[in-house]
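Positions 147 to 240 (the working numbering) are the ones given, in order, by the sequence shown.
Cβ atoms here follow ideal geometry from the backbone N, Cα and C, with glycine treated the same way.
All figures in this text were calculated on a predicted structure; none of them were measured in a lab.
Presented below is the structure to which this report refers.
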Amino acid sequence: MPRPPPAHKWQKDCTSEKVPGVGLLSIWQASGAEDNKASNSWLEAWLVRDDNTVLSIRNWTGIHGPGKEGPPLKTYPLTKAQLRQLALNSALLP
């Protein structure tokens, strides 16, 4: 049985669901404020497939510091529902 990703202090609002025939999908919000000063915040989806391979998708609001291409976004480019839909897109599944 697939296991969810390890919990970290910068993760919040984590939800996990078993998707029959696919695996375990976990989505959470995170902030780099404590872990990585160069990043802002993001939503992340981890799909641990039944064969234990992992699909990870990170939905960033932006980066602070050198190399940034502009100010961070005020909202995530994708909603949680859109991130879920992308993670379960059949084109990304083996």
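Exposure label - residue i; buried when at least 16 CB within 10 Å
i	result
residue 163	exposed
residue 194	buried
residue 238	exposed
Neighbourhood of residue i by C-beta, 8 Å cutoff - its chain only, sequence neighbours within 5 removed
i	result
residue 159	174, 175
Alpha-carbon spacing of residue i relative to residue j, whole angstroms
i	j	result
residue 241	residue 236	Lying outside 147 to 240, the shown extent of the chain, residue 241 is not represented and no answer is given.
residue 231	residue 177	22 Å
residue 167	residue 212	43 Å
residue 199	residue 218	31 Å
residue 287	residue 240	The shown model of the chain, from 147 to 240, leaves out residue 287, and the question about it has no answer.
Proximal residues to residue i (C-beta, below 6 Å), its chain only, five neighbours per side dropped
i	result
residue 224	205
residue 191	173, 203, 229, 233
residue 169	148, 193, 194, 195, 196
residue 161	173
residue 215	none
Simplified DSSP assignment, three categories, for residue i
i	result
residue 226	helix
residue 236	helix
Proximal residues to residue i (C-beta, below 7 Å), its chain only, five neighbours per side dropped
i	result
residue 165	171, 234
**Q.** Whole beta strand (DSSP E) elements within the region 169-218, 3-residue minimum
**A.** You should have 169-177, 187-195, 200-206.
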